[in-house]
Every structure is written in structure tokens, then in C-alpha cells.
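Everything on this sheet refers to the single structure shown next.
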Amino acid sequence: MFRAAIILAIALSPAVAWAAGKPKNCFSTTEIRAEQEVRQGIFLREAANRCNERLLPGARDRWQKIEGANGAKFRSSVDKRLKAWEREFPDDWKYKINYADGRLVTFARNIPLTEGFCENIDELLQTIEKRGFAAFTKLSKTVRNQVTDDYKVCQ
């Protein structure tokens, strides 16, 4: 019995190592897109929360409604992102992903809260509300996005 357990553990250990994969030193275009979407979601969440208080009442609820309606798509992006980070930074991916997210939250929270900023957030939310997740994906490629400056894209 003990021998069978050891054989099973040995047989599974390469499978576990293989599942994480070896670092490629780059992110695939799919992983880059997922990273962009996650970052854009973090930015819009923070911006909606800030604008909600004074200049754009209801922004927080609007963002939460968008998140709820597209939960599976957001979850898919988060999962793709996590797999890429686990592969590329196997020893300290949690620390690095928390640092990256914290950097973005700090940035979003330190943009001056002006009418123009909140009007821009309102327009982004309206676009996503009208056109759905495809509009969010399109916006995530261009709005406040430095993913391809941070990570090499696999060729």
C-alpha cells in the first residue's frame, strides 16, 4: 500500500510541475489581453469608487453592475493572468502580482479628482453599459495601459 502511494506520488509530480510550465520570459497575446483587462477593471473600479463620492453619484453601483453582468468573462481574464504569473514568476508570483496591483491602485487613487476626470469615467462606463464586454476589451487596450511596457510579448 505504501509502495503504491509512493509510485503514485512520483507519477504525479512531473504532471504537477508540467502543469505550471516552464517560464517563457514573455506573455502570449492572450495573456497580455487578460492582463490588460484585469488592469482596466482595477482602474475603473477605483475611479468609479472615487467619483461616486462627490462628482458622479451612482458610479460605484454602475461599475458593480457591469462586473456582475460580465463575471464569467472577468473571471476568465483573472484566471489566465494568474496562470501566466505563476509560470513566469514561480518563486514569488503572489508578491509580484500584489505589487503590480498595488501600484495600479495607488496610481488610480492619486489622479486629481476633477469634473473632467469623472466625466471621462462616466463616458467609459456608458460605453461599456451600451456595448458590453467587447467595448470593455477594446478600451482595455488603450486606456491607461502600460502592460506591453512591463511585459515582453511572445513572438
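Residue numbers -19 to -1, 1 to 136, in mature numbering (1 follows the signal peptide of the UniProt record, and there is no 0), belong to the letters of the sequence shown in order. All C-beta atoms in this analysis are idealised placements derived from N, C-alpha and C, irrespective of residue type, glycine included.
**Asked** Under a three-way DSSP split, which group does Arg55 fall into?
**Response** Taking the first residue of the sequence shown as 1, we reach residue 55 at position 74. As written in the sequence, residue 55 is Phe, which differs from the Arg given in the question. The three-state reading of DSSP puts Phe55 in helix, counting H, G and I together.
**Cβ pair Lys61, Ala15 closer than 9 Å** = One-based indexing of the sequence shown puts residue 61 at position 80. One-based indexing of the sequence shown puts residue 15 at position 34. Their beta carbons are under 9 Å apart, which means Lys61 touches Ala15 by this criterion.
**alpha helix (DSSP H) runs wholly inside the stretch 73 to 118, at least 4 long, in chain order** = Under the rule that a run must span 4 or more residues, the alpha helix (DSSP H) segments found entirely inside the stretch 73 to 118 read 74 to 90 and 96 to 112.
**Message:** Measuring only the C-alpha atoms, how far is Lys54 from Glu96?
**Reply:** Position 73 of the sequence shown, counted from the start, is the residue given in the question as residue 54. Position 115 of the sequence shown, counted from the start, is the residue given in the question as residue 96. Roughly 31 Å separates the two Cα atoms.
**Message:** To the nearest angstrom, how far is the alpha carbon of Lys20 from that of Gln136?
**Reply:** Mapped onto the sequence shown, residue 20 falls at position 39. Mapped onto the sequence shown, residue 136 falls at position 155. Before going further, note that residue 20 is Arg rather than Lys in the sequence given. Computed Cα separation, rounded: 22 Å.
**Prompt:** I think Phe8 touches Ala65, with their Cβ atoms under 8 Å apart; what is that distance to the nearest whole Å?
**Reply:** Here residue 8 refers to the residue found at position 27 when the sequence shown is read from its first residue. Here residue 65 refers to the residue found at position 84 when the sequence shown is read from its first residue. The C-beta separation of Phe8 from Ala65 comes to about 5 Å, placing the pair in contact by the 8 Å criterion.
**Message:** Within a Cβ cutoff of 7 Å, which residues of the same chain sit near Lys122, ignoring the five residues on either side of it in sequence?
**Reply:** One-based indexing of the sequence shown puts residue 122 at position 141. Non-local C-beta neighbours of Lys122 in its own chain, meaning closer than 7 Å and more than five positions away in sequence, comprise Gln17, ordered along the chain.
**Asked** For Leu94, which residues from the same chain have a beta carbon less than 6 Å from its beta carbon, with the 5 sequence-adjacent residues on both sides left out?
**Response** On the sequence shown, position 113 is the one that residue 94 refers to. Closer than 6 Å at Cβ, skipping near neighbours: Arg31.
**Prompt:** Where in the stretch 1 to 53 do unbroken runs of the alpha helix (DSSP H), each at least 4 residues long, occur, reported from the N-terminal end onward?
**Reply:** DSSP runs (the alpha helix (DSSP H)) wholly in the stretch 1 to 53: 10 to 35 and 40 to 50.
**Item:** Segment limits, alpha helix (DSSP H) that includes Thr129
**Value:** As a working mapping, residue 129 is identified with position 148 in the sequence shown. Taken as a continuous stretch (DSSP letters only), the alpha helix (DSSP H) holding Thr129 covers Val128 to Asp131.
**Asked** How big is the Cα-Cα spacing for Asn79 and Thr87?
**Response** Counting from one through the sequence shown, the residue named residue 79 turns up at place 98. Counting from one through the sequence shown, the residue named residue 87 turns up at place 106. Rounded to the nearest angstrom, the two C-alpha atoms are 12 Å apart.
**Prompt:** Is Ile2 buried or exposed, if buried means 16 or more other CB atoms sit within 10 Å of its CB?
**Reply:** As a working note, residue 2 is residue 21 in the sequence shown. Reading off the sequence shown, one finds Gly at residue 2, where the question assumed Ile. With fewer than 16 other Cβ atoms within 10 Å, it is exposed.
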